[in-house]
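A.B. asks:
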Amino acid sequence: MSVRISRWLAEHWVLGVALLVLGYLFLPIGVVAGLSFNRPSSRLSYDFNEFTLDNWRNPCATSDMCDAVLRSVQIGFLATVVATVLGTLMAFALARHRFRGRSGLNVLIFLPMATPELVLGTSLLALFVSGGVPLGFWTIVIAHVMFCVSFVVVTVKARLSGMDGRLEEAAMDLYASEWQTFRRITLPLVLPGIVAAALLAFSLSFDDFIVTNFNSGTTVTFPMYVWGAAQRGIPPQVNVIGTAMFAVALLLVLATSLRGRRARRAAIAPAPRQVGGRP
Amino acid sequence: MSALAHAPTGSGQPASPPPAARSGRHRLLPYLLLLPGAAWLFLFFVVPLVQLAAASLYDPSGSLSTGYTLTWAVGNYPTALQAYWPQFGRSFLFAGIALVLALLMGYPLAYAIAQKAGRWKNLLLVCVIAPMFTSFLVRTLAWKTILSDNGWLVGLLRDVHLLGPDGRLLATPIAVVLGLTYNFLPFLVLPLYASLERLDHRLLEAASDLYASPLRTFRRVTLPLSMPGLIAGTLLFFIPATGDYINAELLGTPNEYMIGNVIDSAFLVRLDYPQGAALSFLLMSAILAVVFGYLRRAGTEEVL
Amino acid sequence: MARDTPAGDLRLANLTKTFGAFTAVDSLNLTIPQGSFFALLGASGCGKTTTLRMVAGLERPTSGQVLLGDRDIARLRPHKRPVNTVFQSYALFPHLDIFENVAFGPRRRGIRAVDEQVRQMLSLVQLDGYGRRRPAQLSGGQQQRVALARALINQPQVLLLDEPLGALDLKLRRQMQIELKRIQTEVGITFVHVTHDQEEAMTMADTVAVMNAGRIEQLGPPAEIYEFPATAFVANFLGQSNLIAGDVFGRSGSDLLVTAHGARFSVPAGRSRTDHGPVFVGVRPEKLHLADTAVQVPAGRQHLEGTVTDASYVGVSTQYLLRTGWGSELSVFVANSGAQQRFAVGDRAVAYWDPRHAFLLGRRADEEDRTIPVLDEPIGASS
Chain E
200 MSVRISRWLA
210 EHWVLGVALL
220 VLGYLFLPIG
230 VVAGLSFNRP
240 SSRLSYDFNE
250 FTLDNWRNPC
260 ATSDMCDAVL
270 RSVQIGFLAT
280 VVATVLGTLM
290 AFALARHRFR
300 GRSGLNVLIF
310 LPMATPELVL
320 GTSLLALFVS
330 GGVPLGFWTI
340 VIAHVMFCVS
350 FVVVTVKARL
360 SGMDGRLEEA
370 AMDLYASEWQ
380 TFRRITLPLV
390 LPGIVAAALL
400 AFSLSFDDFI
410 VTNFNSGTTV
420 TFPMYVWGAA
430 QRGIPPQVNV
440 IGTAMFAVAL
450 LLVLATSLRG
460 RRARRAAIAP
470 APRQVGGRP
Chain D
768 MSALAHAPTG
778 SGQPASPPPA
788 ARSGRHRLLP
798 YLLLLPGAAW
808 LFLFFVVPLV
818 QLAAASLYDP
828 SGSLSTGYTL
838 TWAVGNYPTA
848 LQAYWPQFGR
858 SFLFAGIALV
868 LALLMGYPLA
878 YAIAQKAGRW
888 KNLLLVCVIA
898 PMFTSFLVRT
908 LAWKTILSDN
918 GWLVGLLRDV
928 HLLGPDGRLL
938 ATPIAVVLGL
948 TYNFLPFLVL
958 PLYASLERLD
968 HRLLEAASDL
978 YASPLRTFRR
988 VTLPLSMPGL
998 IAGTLLFFIP
1008 ATGDYINAEL
1018 LGTPNEYMIG
1028 NVIDSAFLVR
1038 LDYPQGAALS
1048 FLLMSAILAV
1058 VFGYLRRAGT
1068 EEVL
Chain Z
254 MARDTPAGDL
264 RLANLTKTFG
274 AFTAVDSLNL
284 TIPQGSFFAL
294 LGASGCGKTT
304 TLRMVAGLER
314 PTSGQVLLGD
324 RDIARLRPHK
334 RPVNTVFQSY
344 ALFPHLDIFE
354 NVAFGPRRRG
364 IRAVDEQVRQ
374 MLSLVQLDGY
384 GRRRPAQLSG
394 GQQQRVALAR
404 ALINQPQVLL
414 LDEPLGALDL
424 KLRRQMQIEL
434 KRIQTEVGIT
444 FVHVTHDQEE
454 AMTMADTVAV
464 MNAGRIEQLG
474 PPAEIYEFPA
484 TAFVANFLGQ
494 SNLIAGDVFG
504 RSGSDLLVTA
514 HGARFSVPAG
524 RSRTDHGPVF
534 VGVRPEKLHL
544 ADTAVQVPAG
554 RQHLEGTVTD
564 ASYVGVSTQY
574 LLRTGWGSEL
584 SVFVANSGAQ
594 QRFAVGDRAV
604 AYWDPRHAFL
614 LGRRADEEDR
624 TIPVLDEPIG
634 ASS
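Chains as they are written, first to last, in my numbering: chain E, 200 to 478; chain D, 768 to 1071; chain Z, 254 to 636.
1) Would you list the one or two residues that DSSP bridges to N465(Z)?
2) Mark P631(Z) as exposed unless 16 or more other C-beta atoms lie within 10 angstroms of its C-beta, in which case mark it buried.
3) Check the Cβ of I384(E) against every Cβ in chain Z and list those closer than 7 Å, keeping chain order.
4) Could one say the Cβ of I998(D) lies closer than 8 Å to chain E's Cβ atoms, at least one of them?
5) Note down, in chain order, all residues in the stretch 1038 to 1060 of chain D with a beta-carbon under 9 Å from any beta-carbon belonging to chain E.
6) According to a CB-to-CB cut-off of less than 8 Å, which residues of the stretch 361 to 372 of chain E neighbour chain Z?
7) Determine the chain E residues that contact N889(D) at a beta-carbon separation under 8 Å, and present them in chain order.
8) With DSSP collapsed to three states, give me the class of W579(Z).
9) What are the residues of the stretch 300 to 331 of chain Z that lie near chain E, defined by any Cβ-Cβ distance shorter than 8 Å?
10) Thinking D372(E) and P335(Z) are a contact (beta carbons under 8 Å), I'd like their distance in whole angstroms, please.
11) Taking the alpha carbon of A420(Z) as the reference point, which residue from L320(Z), D459(Z), H610(Z) and S392(Z) has its own alpha carbon closest?
12) State the start and end residues of the unbroken alpha helix (DSSP H) segment that holds A877(D).
13) Below 8 Å between beta carbons is the criterion; list the residues of the stretch 418 to 439 of chain E that meet it against any residue of chain D, in chain order.
14) Provide the residue(s) that pair with T271(Z) in DSSP beta bridges, ordered along the chain.
15) State yes or no: is the beta carbon of T443(Z) nearer than 8 Å to at least one beta carbon in chain E?
16) Output yes or no for whether 8 Å exceeds the beta carbon distance between V569(Z) and N589(Z).
17) Evaluate D263(E) with the Cβ neighbour count: other Cβ atoms within 10 Å of its Cβ, from every protein chain shown; 16 or more gives buried, anything less gives exposed.
18) At 4 residues or longer, and completely inside the stretch 389 to 472 of chain Z: list those alpha helix (DSSP H) runs for me, N to C.
19) Only counting runs of 4 or more residues, tell me where the alpha helix (DSSP H) segments fall wholly within the stretch 314 to 378 of chain Z, in order along the chain.
20) Alpha carbon to alpha carbon, what distance is there between A862(D) and Q854(D)?
21) Secondary structure at E558(Z), three-state DSSP: helix, strand or coil?
22) Using a 10 Å radius around the Cβ and a threshold of 16 neighbouring Cβ atoms, would you call A267(E) buried or exposed?
23) Give me the subset of the stretch 257 to 286 of chain E whose CB atoms are less than 9 Å from a CB atom of chain Z, sorted by chain position.
24) Going by DSSP in three states, H343(E) sits in which element: helix, strand or coil?
25) What are the residues in the stretch 1008 to 1028 of chain D lying within 7 Å of chain E by C-beta distance?
26) Would you list, in chain order, the members of the stretch 792 to 818 of chain D that have their beta-carbon closer than 7 Å to a beta-carbon of chain E?
27) What would DSSP say about L801(D), mapped onto helix, strand or coil?
28) Using the beta-carbon of each residue, which ones in chain Z are nearer than 8 Å to Y223(E)?
29) Quick one: what's got a C-beta closer than 8 Å to V231(E)'s C-beta in the same chain, skipping five residues either side?
30) If we define contact as Cβ-Cβ less than 8 Å, is F272(Z) a contact residue for chain E?
31) Below 7 Å CB to CB, which residues in the same chain sit around M374(Z) once its five sequence neighbours on both sides are set aside?
32) Roughly how many angstroms separate the alpha carbons of L268(Z) and C299(Z), rounded to a whole number?
33) Could you name the residues of the stretch 839 to 852 of chain D whose beta carbon sits closer than 8 Å to any beta carbon of chain E, in the order they occur along the chain?
34) Mind checking which residues open and close the alpha helix (DSSP H) that includes V598(Z)?
35) Under the DSSP definition of a beta bridge, which residues are partnered with F533(Z)?
36) Using a Cβ-Cβ cutoff of less than 8 Å, which residues in the same chain neighbour L1038(D) once the five nearest sequence positions on both sides are dropped?
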């Protein structure tokens, strides 16, 4: 009997540890979600006091927070568009062309990801100050594009090099010109990679604090707002935003994976022999 | 995830032919594609680093209002180091301890998802990434709630006498290390998962078939084969953890301050740019030294 | 495009392709008659796929011409050539359904009303009603047929097939071989088929070219190549041969006389690739008969005596290895027709053959017997 228990433990302890670690990862999320329904007893209190839906009904009760969220969305959107375009072009060059200076370029793309954010932030600040560039909305966008580009390149390049080169050859063989091949075959097939890269860029930009902190001047993004509020007392609406972001992102991910699963299930379904599908 | 494994081809041609030699008019194309992105990185990554290097050598007696002059004041470095070596040491110490903790938690997690989860694999993977959907700062503030003196965790630990009656977690090194571990754990798990996922389960069966104990199988087969992911994950964890100052600020006290806090205040509070720049450079060089030393020992350059 | 050019034979003239120092295709000359089913057969890396890719326009020839009729298409871009390809891994567009995959070519050529044509094509490959499915939802054999329909709908002058059946299992492969042959007869387009599978080539093609190291070793109808190979490579690449090393020492009437390992053989001059010097006497294993040493060998047959060292029963036949007096092992395939005597390992036996079934090949002086297949040499169906 005990042999069986110890065997079972030997087989499954890894899974048990994994679930515990996942619990650790989700613990603060639970706290955030809980506090989003809290009516705090005082400004500086983080303890659960009383259940309320007020924070969800009135997320913009503290209006400067919603301004900050909006500004983060704007910055995130701009930085994402620019970084995705620049990064995708670079990924195509790296995956599809031979040129001189490839290794140097790879280093240039890799280094920003390996450099501590702190250094990225301070060095840009040094540049902007010495160049007399006023800090604010646009310096934040510039900074965000800079640290997002590398991640876009890596993501899109992975998708491109995972693509079967024969598909493009097949298109050319079937009378598609180079432009048509790109539009009809390459682009649609790489698109999921580009979308993933864009989502990654947006989330990096939206959540960035360190680089932004050095280059924002008086402009307040959502993380900057939270940072500032942490000294004065956090309004519970911050937890509403945190929970909502989590829920939206989770729904997005689950929806896409569910779609993928349905497509896979359809693939297993029996073939319609001579029926259906014909007008 | 992407199981685009090319079936071995019958003929001797490479599975996916190299980019065909294009005609002359395409020779410029790669450069045109690269130009905007590379220019951006050059202007806003390389040039700023040079500027930062210059700033670290400014005359320390200058100020933002009076202006700085480049006097090659190399002395900024020893001065800064002398003043802030405890914070420096703490950065590496805290990040190092957090890394060990994260490995102890992250390896079983990545292994379980890659090899044991079966059809739950994708869901569990989403669970690893999901916490990152909530803002970094908001999560860290949640830890502040969890670790607070009148929270249930401290109460529990006091009840089982792991903490003294007035022992606390918040505002201690433990809280900072715990926060670091928590915030960067997914960066460690994801690459580790990617390389464990590629690990062929039959190899483990073969190893145990050849009379290897589970421990030996792990040491001789699993661990070496997961090395690329382990290295990438360790770096992705260690680099941001060392440079972080949010955890120390929100979960610690000035006694737990790391070098990031000092640099932050040098630039934004004390406005001592030469010192802030010197410290930034020291941090970057120290991290690079650790990283390259580590890569050399790990004996691989295939990180990304 | 340019559908009005006079259709004609596909001719490769001095076609050469080098990759750095490596010569993949070595000044190839080849004429493929219009409407024929032509197979390029060879082992991995022999240059057959490179040849095909040059015809398709996916690889630029280093030198030489690709002529279609009398038009040189070697420097046209792939989408300007009246040539289509069925790719090895099918290369179906995963994001388009079957209908759109098949309609891809016509649409690129500006044809609007493609419905009827696509329907006919899907019907030709027996995939009616599959139009709205995605490639990933089809089995390997079905995907293969979509790839075929996608190429054929363009009515190319030449259809190129790159190992088209390589990814299918044995049974499906047999079925598709017959299917492909039927479709080729039906549409009458020139098919150029690249494969490493000798059986596939022989089943389908009118003409087979055996390629080795960038050159063509032999070209002809499958039966002719099999019965009378031109080189030792062909003799053992297409099926299996017993090649006994010997030397021509004379002539008797229309026969060449050969001495090998102290024994004397004769081979009809009409079945000889050379008439002097070092040679191989070749006999296919199934052309050998096996008899008890006590039995009189029929008149006019040549024979060798030996010891059975291996007997493998494979259903339709039993395959024996017979060790000769000088140590070589001959392969002998005996059909299991029920009439034959069985031999056990260790038995003495006589192998005999009709000299008209033997063939004579040139040999380098240092080459020895080549009987049982050598491991590091590609044989038939290995990949």
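All residues carry an ideal CB built from backbone N, CA and C; glycine is no exception.
Note that this is a predicted model, so its numbers are computed, not measured.
C.D. replies: On the basis of the supplied data:
1) R468(Z)
2) Model confidence at P631(Z) stands at a pLDDT of 41, short of 50, so the residue's coordinates are unreliable; what they give is reported in the following sentence. So P631(Z) counts as buried.
3) F346
4) no
5) Y1040, G1043, A1044, L1046, S1047, F1048, L1050, M1051, I1054, L1055 and V1058
6) D363, R365, L366, E368, A369, A370, M371 and D372
7) S456
8) coil
9) A309, G310, L311, R330 and P331
10) That belief does not hold up - the Cβ atoms of D372(E) and P335(Z) are roughly 11 Å apart, past 8 Å.
11) S392(Z)
12) N843 to Y878
13) F421, P422, V425, W426, A429, I433, V437 and N438
14) T276(Z)
15) no
16) yes
17) exposed
18) 393 to 405, 423 to 440 and 451 to 457
19) 351 to 361 and 368 to 377
20) 12 Å
21) strand
22) buried
23) none
24) helix
25) T1009, G1010, I1013, L1017 and G1027
26) L796, P797, Y798, L800, L801, P803, G804, A805, W807, L808, F811, F812, V814, P815, L816 and Q818
27) helix
28) Within 8 Å Cβ-Cβ: nothing; Y223(E) doesn't reach chain Z, min ~38 Å.
29) N438, G441, T442 and F445
30) no
31) V355, A402, L405 and I406
32) 14 Å
33) none
34) Taken as a continuous stretch (DSSP letters only), V598(Z) belongs to no alpha helix (DSSP H), as it is neither H nor E.
35) A498(Z) and L614(Z)
36) S830 and L831
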